[in-house]
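Asker: This is the structure I want to talk about, given as structure tokens.
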Amino acid sequence: MQDMKELAEMHWKHDLLGSIEVGIVVVDREYLVQVWNLFMENHSNIAPSTIRGTSLFAHFPEIDETWLRVKVEPVFSMKSPVFVIWEQRPFLFRFGANRPITSPSKFMYQNITIFPLASLSGQVEQVCIVVYDVTDQAVSKQAIEELNNELQRLSRIDGLTGIYNRRYWEEQFSREFKRNLRKPSQSSVIILDIDHFKKINDNYGHPAGDEVIRRLAKLLKDVTRETDICGRYGGEEFTILLPDTASPNVMILAQRIRETVEKLKIEYEQQTISFTVSLGIAQFSPVFEQHMQWLESADKALYQAKISGRNRVVIA
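Using full-length UniProt numbering, read the sequence shown as starting at 1 and increasing by one per residue.
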């Protein structure tokens with residue numbers, strides 16, 4: 001009769017562990033597997049009879065043994081549960097996604113709970129590792145984050161040229177101005193525009209004018225450093241922020257831009273378009289009370305370049 005009761009209890013426990021939609025793994029202090037439920041069997045293709053009594057690490061080399069031992073030690077010594085979320089570590093067991101065809105993930109994202117199993121003496125000789133499949137939540141969160149990042153990127157970008165738009169460029173310019181106020185440096189700004197741009201639109205059409213603007217923006221991206229910040233300030237006008245760069249060095253870059261543009265030939269619908277640019281440069285000065293005063297100084301230099309004959313560079 002007692003054997004029948006024990007057998008019934010074993011079947012009840014087996015059915016219970018099998019019906020739970022989470023992974024249940026019990027290991028002892030040597031990390032020998034004591035319990036391996038149906039969830040773990042289905043996702044690992046390892047039967048309980050195969051893994052029981054063997055080392056967890058022998059079957060799952062992807063598990064960082066040192067990391068897991070450090071994580072589990074407080075569970076044994078302090079009887080405190082430990083939680084590991086997928087943002088900290090995507091998975092403990094490298095299982096495939098439940099829906100490999102429809103899921104964009106190649107593996108199962110997992111949240112892990114590790115809690116102590118005390119014996120009758122009160123000592124913790126085993127711990128239970130609970131594995132939760134959170135792939136859907138993780139993928140959804142990542143998709144939302146990617147969408148938000150893309151929306152944020154698009155909010156910063158000028159649609160025609162692909163470089164920063166005026167609003168975002170001014171934010172960066174204001175931030176650089178404040179940085180220079182706190183710790184004065186030799187940062188500079190360039191403002192430039194296309195000479196006689198109206199004539200380009202009138203002679204070749206607005207689509208051709210747009211192509212000229214796009215090609216100039218690409219040229220600016222190509223000749224500036226990663227630390228420089230290029231923006232389309234409006235229409236045919238562009239700005240370049242050059243952190244920690246004195247105006248004499250900026251003059252070299254500005255002349256290179258001017259000369260490269262002068263040699264540039266844009267083929268558009270069987271027409272060849274040539275154009276020039278004028279540039280104004282201003283270096284940061286502590287006398288500027290606002291960031292726009294800095295930009296206005298460069299704009300005045302641009303005006304001098306224009307009235308001096310265009311296709312030239314002037315330093316404020």
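Backbone N, C-alpha and C define an ideal beta-carbon position, used for all residues, glycine too. Remember, predicted model here, so these are calculated numbers, not experimental data.
Among all the DSSP beta bridges, which residues are the ones paired with ILE315?
Answerer: Numbered from its first residue, the sequence shown carries residue 315 at position 315. DSSP output for ILE315 lists ILE281 as bridge partner(s).
Asker: Which of helix, strand or coil does DSSP assign to ALA118?
Answerer: By 1-based counting over the sequence shown, the position of residue 118 is 118. If DSSP states are grouped into helix, strand and coil, ALA118 belongs with the strands.
Asker: Are ARG156 and GLY234 touching if we call contact CB-CB under 7 Å?
Answerer: Sequence index remark: in the sequence shown, residue 156 carries index 156 (1-based). Sequence index remark: in the sequence shown, residue 234 carries index 234 (1-based). It is not a contact, given that the beta carbons lie outside the stated cut-off.
Asker: Following a CB-centred definition, is GLU21 positioned closer than 6 Å to any heavy atom of the ligand FAD?
Answerer: Here there are no bound small molecules, and the ligand FAD is not part of this structure.
Asker: Where LEU117 and TRP36 are concerned, what is the direct C-alpha to C-alpha distance, given to the nearest angstrom?
Answerer: Stepping through the sequence shown from its first residue, residue 117 is reached at position 117. Stepping through the sequence shown from its first residue, residue 36 is reached at position 36. C-alpha separation (whole angstroms): 15 Å.
Asker: Closest to LYS300 by CA distance: which of GLY309, PHE288 and ALA282 is it?
Answerer: Here residue 300 refers to the residue found at position 300 when the sequence shown is read from its first residue. That would be ALA282, whose Cα lies nearest to the Cα of LYS300.
Asker: With a CB to CB cut of under 6 Å and the five nearest residues on each side skipped, what residues in its chain are close to CYS128?
Answerer: Within the sequence shown, the letter at position 128 stands for residue 128. Once the five neighbours on either side are set aside, the close Cβ partners of CYS128 are VAL26, PHE115 and LEU117.
Asker: DSSP has ASP193 in a bridge; who is on the other side?
Answerer: By 1-based counting over the sequence shown, the position of residue 193 is 193. DSSP output for ASP193 lists GLU237 and SER278 as bridge partner(s).
Asker: Quick one: what's got a C-beta closer than 7 Å to ALA316's C-beta in the same chain, skipping five residues either side?
Answerer: Counting from one through the sequence shown, the residue named residue 316 turns up at place 316. If we look at ALA316 and ignore the five residues flanking it on each side, its Cβ neighbours are GLY280, ILE281, ALA282, SER297, ALA298, LYS300 and ALA301.
Asker: Please give the ranges of any alpha helix (DSSP H) in the region 150–194, keeping only runs that are unbroken, at least 4 residues long and fully inside the region.
Answerer: As far as the region 150–194 is concerned, its whole alpha helix (DSSP H) runs of at least 4 residues are 166–182.
Asker: Below 6 Å CB to CB, which residues in the same chain sit around ASP158 once its five sequence neighbours on both sides are set aside?
Answerer: As a working note, residue 158 is residue 158 in the sequence shown. These residues qualify, in order along the chain: ASN165 and ARG232.
Asker: Leaving out five residues before and five after LYS122 in sequence, what residues of the same chain have Cβ atoms less than 8 Å from its Cβ?
Answerer: As a working mapping, residue 122 is identified with position 122 in the sequence shown. It is worth fixing the name first, because residue 122 is Gly in this sequence and not Lys. The answer is none, since no qualifying residue turns up.
Asker: Rounding to the nearest angstrom, what Cα-Cα distance links LEU219 and ILE257 in this structure?
Answerer: Sequence index remark: in the sequence shown, residue 219 carries index 219 (1-based). Sequence index remark: in the sequence shown, residue 257 carries index 257 (1-based). Each residue's alpha carbon lies about 8 Å from the other.
Asker: What is the DSSP secondary structure of ASP133, counted as helix, strand or coil?
Answerer: Within the sequence shown, residue 133 is the residue found at index 133, counting from 1. ASP133: strand per DSSP, three-state reduction.
Asker: Using the DSSP secondary-structure output, state which residues sit across from THR113 in a beta bridge.
Answerer: Start at 1 with the first residue of the sequence shown, and residue 113 comes out as number 113. DSSP output for THR113 lists PHE83 and VAL130 as bridge partner(s).
Asker: Give the secondary structure of GLU125 by DSSP, where H, G and I count as helix, E and B as strand, and everything else as coil.
Answerer: As a working mapping, residue 125 is identified with position 125 in the sequence shown. Of the three classes helix, strand and coil, the one that applies to GLU125 here is strand, per DSSP.
Asker: Kindly indicate which three-state DSSP category GLU65 falls into: helix, strand or coil?
Answerer: As a position in the sequence shown, residue 65 is number 65, starting the count at 1. In this structure, GLU65 counts as helix in the three-state DSSP scheme.
Asker: Three-state secondary structure (DSSP) at HIS11?
Answerer: Indexing the sequence shown from 1 puts residue 11 at position 11. Residue placement at HIS11 cannot be trusted, given a pLDDT of 45 that sits under 50; the coordinates are not used to answer.
Asker: Where does the unbroken beta strand (DSSP E) through THR272 begin, and where does it stop?
Answerer: As a working note, residue 272 is residue 272 in the sequence shown. 271–273 is the extent of the beta strand (DSSP E) around THR272.
Asker: Select from GLY309, GLU41, GLU62 and LEU32 the residue whose C-alpha is nearest the C-alpha of VAL195.
Answerer: For the purposes of this step, residue 195 is taken as the residue at position 195 of the sequence shown. Sequence check: residue 195 is Asp here, not Val. The shortest C-alpha separation from ASP195 is found at GLY309.
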